[in-house]
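Peer 1: Below: one structure in structure tokens.
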Amino acid sequence: MTVTSDEARSLAPPGPEAPEGLESAIPAWRLALTVGVVALGGLLFGFDTGVISGALLFLKEDFHLTSFQEGAVISSLLLGAAAGALGSGGPADRWGRRRTLIVIAATFTLGLLLATLATGFWTLVAARVILGLAVGSASSLVPLYLAEVAPPRLRGRLITVNQILLTAGILVSYLINLWFAEDANWRAMFGAGLIPSVLMLVGLFFVPESPVWLERRRRGGVTAPVEHGGSHRTLRGMLAVPVVRRALLIGVTIGAVQQFAGINTIIYYAPSIMQRAGLPATNSIMYSVAIGVANLLMTVAAIPLVDRAGRKPLLVLSLVGMAAALVPLGCALNGAFGGASHAVSLVSMGLYVSAFAVGIGPVFWILAAEVFPPDVRAKGVALCVLVNWSANFVVGQLFLPAADLFGEASVFWFFAAVCGAALVFVVRTVPETKNRSFDEIQRELAAGARQQH
């Protein structure tokens with residue numbers, strides 16, 4: 002595969018040393034190297050969210066943590082991630098995507114080093130907050146950078162590489178937890194993450210700046226608007242622009258649905274769910290590995306589909322499949338299938354995770370990076386990711402209390418209802434962005450905004 006001359010210019014080195022012209026085609030390895038280095042942020046995103054599940058089993062004994070402190074160790078990363086997502090847009094616009102990514106990689110390295118050397122509860126919480134800042138910033142900026150550096154025909158696939166490495170990071174963390182579990186070596190579990198964080202930090206010095214950001218800087222910080230008008234420096238100014246408001250509606254809604262459809266209740270609580278359904282949960286890490294494998298395989302399956310089938314069809318397929326899996330899962334947790342309830346629960350969770358991973362899992366990140374105009378893209382993506390992390394935190398905190406109050410079955414039926422409502426929203430509101438330039442996407446959003454008025 003080769004890259005056209007227009008696409009080649011987008012991969013030119015940043016700064017004044019950038020050549021005036023490149024060969025008519027360049028090897029695909031250059032684009033692949035750029036994507037591979039930057040997408041390590043996705044791997045670290047997954048690793049740092051997953052590694053705590055195994056490490057906590059052992060460090061709570063070493064530090065004599067209470068239940069409240071265990072929850073604080075987990076939730077501190079989520080709160081840090083929300084702050085990181087919110088704060089990443091401004092630096093990415095001022096300093097550039099690449100420089101901000103370098104700071105993020107350094108933050109990953111600092112957080113992992115501090116976690117590995119933690120001496121007590123507060124040190125560990127500080128490390129998790131630092132890691133959360135890096136995770137939240139990376140979850141916002143990595144797909145944004147990939148969207149801006151990718152040719153339109155490859156954009157969906159290249160952004161999906163980030164989601165693949167995210168799910169791979171979760172699986173790798175589970176496998177590392179399993180490897181070091183026998184020795185109860187939680188420090189090694191955290192320390193293993195230093196390998197990709199250092200690789201990312203070094204590699205980022207050899208990747209180009211985003212061509213969209215370079216063009217914006219060339220124009221003095223303002224890109225050519227598509228029926229924008231108004232100021233974009235504040236949230237109020239962004240909301241005053243119909244195109245941006247419509248993009249926010251799409252990105253924020255899909256980001257919230259991704260979490261309120263219940264995915265992390267499966268990721269976090271699968272062993273306890275299976276145990277309540279009648280299946281002995283003798284090895285929680287092994288169950289997590291099985292869920293991680295299904296998640297990764299179906300995310301890989303999404304690579305050729307996002308640019309062939311399109312974003313919108315995958316969202317529809319995903320939401321229908323998730324709702325169809327959640328209904329029997331709720332019934333199984335109510336004991337409706339008798340002795341077969343545990344088998345139905347296993348199959349339902351496998352189908353649910355598969356439907357999520359092939360659709361709304363990667364498509365949210367793609368859409369969030371595609372629908373915003375260039376001059377507000379970093380801020381818009383940051384807001385969408387902030388909502389996603391906030392919803393993640395809310396669902397994670399409320400799942401067990403809600404399950405105790407209303408029953409697990411009712412909670413999963415609620416998740417199914419969220420999928421149904423989201424399906425209506427997608428059919429009516431979400432545009433197809435497959436193989437379209439950013440300008441074409443903006444024109445369609447502008448047309449939709451005019452129709453609403």
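Per the working numbering, residue 2 is the first one in the sequence shown, and the count goes up by one each step.
Even glycine gets a Cβ: it sits at the ideal position worked out from N, Cα and C.
DSSP on Val428, reduced to helix/strand/coil?
Peer 2: In the sequence shown, the residue the question calls residue 428 occupies position 427. In this structure, Val428 counts as helix in the three-state DSSP scheme.
Peer 1: To the nearest angstrom, report how far apart Glu8 and Val162 are at their CA atoms.
Peer 2: As a first step, residue 8 must be located in the sequence shown, where it is residue number 7. As a first step, residue 162 must be located in the sequence shown, where it is residue number 161. With a pLDDT of only 42 at Glu8, under 50, the local geometry of the prediction cannot be trusted, and the value read off the model is given with reservation. Roughly 19 angstroms separates the two Cα atoms.
Peer 1: Please classify Leu433 as buried or exposed, where buried requires at least 16 neighbouring CB atoms within 10 angstroms.
Peer 2: For the purposes of this step, residue 433 is identified with residue 432 of the sequence shown, where counting begins at 1. The sequence given here places Glu at residue 433; Leu does not occur at that position. Glu433 should be labelled exposed.
Peer 1: Ignoring anything shorter than 4 residues or poking outside the region 104-181, list the alpha helix (DSSP H) runs there in chain order.
Peer 2: For the region 104-181, whole alpha helix (DSSP H) runs of length 4 or above, ordered along the chain, are 122-150.
Peer 1: Look up Phe439 in the DSSP assignment and say whether it is helix, strand or coil.
Peer 2: One-based indexing of the sequence shown puts residue 439 at position 438. Correct three-state label for Phe439: helix.
Peer 1: Tell whether a beta-carbon distance below 8 angstroms holds between Leu316 and Val364.
Peer 2: For the purposes of this step, residue 316 is taken as residue 315 along the sequence shown, with counting starting at 1. For the purposes of this step, residue 364 is taken as residue 363 along the sequence shown, with counting starting at 1. For Leu316 and Val364, yes; Cβs fall inside 8 angstroms.
Peer 1: Apart from the five residues on each side of it in sequence, which residues of its chain come closer than 6 angstroms, Cβ to Cβ, to Phe439?
Peer 2: Here residue 439 refers to the residue found at position 438 of the sequence shown. So no residue of the chain qualifies.
Peer 1: Cβ atoms of Leu132 and Gly112: under 8 angstroms apart, would you say?
Peer 2: Start at 1 with the first residue of the sequence shown, and residue 112 comes out as number 111. Start at 1 with the first residue of the sequence shown, and residue 132 comes out as number 131. Against a cut-off of 8 angstroms, the Cβ pair of Leu132 and Gly112 comes out as a contact.
Peer 1: Could you check whether Gly322 and Leu352 sit closer than 8 angstroms to each other, using their CB atoms as the reference points?
Peer 2: In the sequence shown, counting from the first residue as 1, residue 352 sits at position 351. In the sequence shown, counting from the first residue as 1, residue 322 sits at position 321. Closer than 8 angstroms, so yes.
Peer 1: How many Å lie between Leu306 and Val130 at the Cα?
Peer 2: Taking the first residue of the sequence shown as 1, we reach residue 306 at position 305. Taking the first residue of the sequence shown as 1, we reach residue 130 at position 129. Using only the alpha carbons, I get a separation of about 36 angstroms.
Peer 1: Are the region 47-62 and the region 209-223 touching, with three or more C-beta to C-beta distances below 8 angstroms?
Peer 2: They do not touch, by the three-pair rule.
Peer 1: Between Gly137 and Ala83, which are expected to be in contact by the criterion C-beta below 8 angstroms, what is the C-beta distance as a whole number of angstroms?
Peer 2: As a working mapping, residue 137 is identified with position 136 in the sequence shown. As a working mapping, residue 83 is identified with position 82 in the sequence shown. The Cβ separation is near 6 angstroms, so the contact holds.
Peer 1: Helix or strand or just coil, what does DSSP make of Glu71?
Peer 2: The residue labelled residue 71 in the question sits at position 70 within the sequence shown. Residue state, collapsed to three classes: helix.
Peer 1: Identify which residue in Phe48, Pro92 and Val36 has its Cα closest to the Cα of Val104.
Peer 2: Within the sequence shown, numbered from 1, the residue matching residue 104 stands at position 103. Among Phe48, Pro92 and Val36, the Cα nearest to that of Val104 is on Pro92.
Peer 1: Please classify Ala341 as buried or exposed, where buried requires at least 16 neighbouring CB atoms within 10 angstroms.
Peer 2: Counting from one through the sequence shown, the residue named residue 341 turns up at place 340. Label assigned to Ala341: exposed.
Peer 1: Counting Cβ pairs closer than 8 angstroms, one from the region 140-148 and one from the region 423-431, do we hit at least three?
Peer 2: No, because fewer than three Cβ pairs between the region 140-148 and the region 423-431 fall closer than 8 angstroms, the two stretches do not touch.
Peer 1: Give me, in chain order, the residues of the same chain whose beta-carbon lies closer than 8 angstroms to that of Ser349; leave out the 5 immediate sequence neighbours on both sides.
Peer 2: As a working note, residue 349 is residue 348 in the sequence shown. Here the set comprises Ala326, Leu327, Pro329, Leu330 and Ala333.
Peer 1: Evaluate the contact criterion for the region 94-110 versus the region 198-206: three or more CB pairs, one atom per stretch, below 8 angstroms.
Peer 2: Yes: at least three Cβ pairs fall under 8 angstroms.
Peer 1: My guess is that Asn335 and Ala404 are in contact by the Cβ rule of under 8 angstroms, so how many angstroms apart are they, rounded?
Peer 2: Residue numbering aside, residue 335 sits at position 334 when the sequence shown is read from its first letter. Residue numbering aside, residue 404 sits at position 403 when the sequence shown is read from its first letter. With 8 angstroms as the limit, Asn335 and Ala404 do not qualify as a contact, their Cβ atoms being about 12 angstroms apart.
Peer 1: Would you call the CB atoms of Ala185 and Leu44 closer than 8 angstroms?
Peer 2: Counted from its first residue, the sequence shown places residue 185 at position 184. Counted from its first residue, the sequence shown places residue 44 at position 43. No, Cβ-Cβ distance for Ala185 and Leu44 is not below 8 angstroms.
Peer 1: Near Arg437, what residues of its chain come up, given a Cβ to Cβ distance below 7 angstroms and the 5 sequence neighbours on each side ignored?
Peer 2: Residue 437 sits at position 436 when you count from the first residue of the sequence shown. Only Pro153 meet the Cβ criterion.
Peer 1: With H, G and I counted as helix, E and B as strand and the rest as coil, what does DSSP make of Glu433?
Peer 2: Residue numbering aside, residue 433 sits at position 432 when the sequence shown is read from its first letter. The answer is coil: DSSP assigns Glu433 none of H, G, I, E or B.
Peer 1: Using the three-state DSSP reduction, which class does His229 fall into: helix, strand or coil?
Peer 2: Against the sequence shown, residue 229 aligns to sequence position 228. For His229, the predicted structure reports a pLDDT of 44, less than 50, and the residue's modelled location is therefore unreliable. The matter cannot be settled from this model.
Peer 1: Under 8 angstroms between the Cβ atoms of Gly397 and Leu79?
Peer 2: The residue labelled residue 397 in the question sits at position 396 within the sequence shown. The residue labelled residue 79 in the question sits at position 78 within the sequence shown. Yes; because the gap between Cβ atoms is below 8 angstroms, this pair is in contact.
Peer 1: Quick test of the definition: if touching needs 3 or more C-beta pairs under 8 angstroms, does the region 296-314 touch the region 383-393?
Peer 2: Result no; under three Cβ-Cβ pairs closer than 8 angstroms.
Peer 1: Which whole-angstrom value describes the C-beta separation of Asn443 and Val244, a residue pair presumed to lie in contact below a C-beta threshold of 8 angstroms?
Peer 2: Indexing the sequence shown from 1 puts residue 443 at position 442. Indexing the sequence shown from 1 puts residue 244 at position 243. Correcting the residue type first, residue 443 is Gln in the shown sequence and not Asn. About 6 angstroms; that satisfies the 8 angstroms criterion.
Peer 1: Applying the 10 Å Cβ sphere with the 16-neighbour rule, what's the burial state of Ala358?
Peer 2: In the sequence shown, residue 358 corresponds to position 357, counting from 1. Flag for Ala358 reads buried.
Peer 1: Mind checking Leu142: buried by the 16 CB within 10 Å criterion, or exposed?
Peer 2: The residue given as residue 142 occupies position 141 in the sequence shown. The residue is buried, with at least 16 neighbouring Cβ atoms inside 10 Å.
Peer 1: Measure the beta-carbon distance from Gly157 to Asp63 and round it to whole angstroms, keeping in mind my assumption that it falls under 8 angstroms.
Peer 2: Within the sequence shown, the letter at position 156 stands for residue 157. Within the sequence shown, the letter at position 62 stands for residue 63. Not quite, the Cβ-Cβ distance comes to about 44 angstroms (not below 8 angstroms), so this is no contact.
Peer 1: In chain order, what residues of the same chain lie with their CB nearer than 6 angstroms to the CB of Gly360, ignoring the 5 residues before and after it?
Peer 2: Translated into positions along the sequence shown, residue 360 becomes position 359. Correct list, in chain order: Leu315, Leu316, Leu318 and Ser319.
Peer 1: Hey, how far is the Cα of Ala127 from the Cα of Lys380?
Peer 2: For the purposes of this step, residue 127 is taken as the residue at position 126 of the sequence shown. For the purposes of this step, residue 380 is taken as the residue at position 379 of the sequence shown. Rounded to the nearest angstrom, the two C-alpha atoms are 26 angstroms apart.
Peer 1: Anyone know if the C-beta pair for Leu166 and Leu41 falls short of 8 angstroms?
Peer 2: As a first step, residue 166 is located in the sequence shown; it is residue number 165 there, counting from the start. As a first step, residue 41 is located in the sequence shown; it is residue number 40 there, counting from the start. The answer is yes: Cβ separation under 8 angstroms.
Peer 1: Let me make sure I understand the geometry here. Which of Ile171, Ser346, Ala324 and Leu172 has the alpha-carbon closest to that of Ala356?
Peer 2: Here the question's residue 356 lines up with position 355 in the sequence shown. Selected option, being the one with the closest Cα: Ala324.
Peer 1: To the nearest angstrom, report how far apart Val173 and Phe407 are at their CA atoms.
Peer 2: Here residue 173 corresponds to residue number 172 of the sequence shown, with the count starting at 1. Here residue 407 corresponds to residue number 406 of the sequence shown, with the count starting at 1. The alpha-carbon atoms of Val173 and Phe407 are separated by roughly 35 angstroms.
Peer 1: If we ignore side chains and look at the alpha-carbon of each, how far apart do Leu114 and Arg98 end up?
Peer 2: Locating residue 114 in the sequence shown gives position 113, where the first residue counts as 1. Locating residue 98 in the sequence shown gives position 97, where the first residue counts as 1. Leu114 and Arg98: Cα-Cα distance of roughly 24 angstroms.
Peer 1: Which residues mark the beginning and the end of the alpha helix (DSSP H) in which Asn393 is found?
Peer 2: Taking the first residue of the sequence shown as 1, we reach residue 393 at position 392. Its alpha helix (DSSP H) spans residues Arg378 to Phe407.
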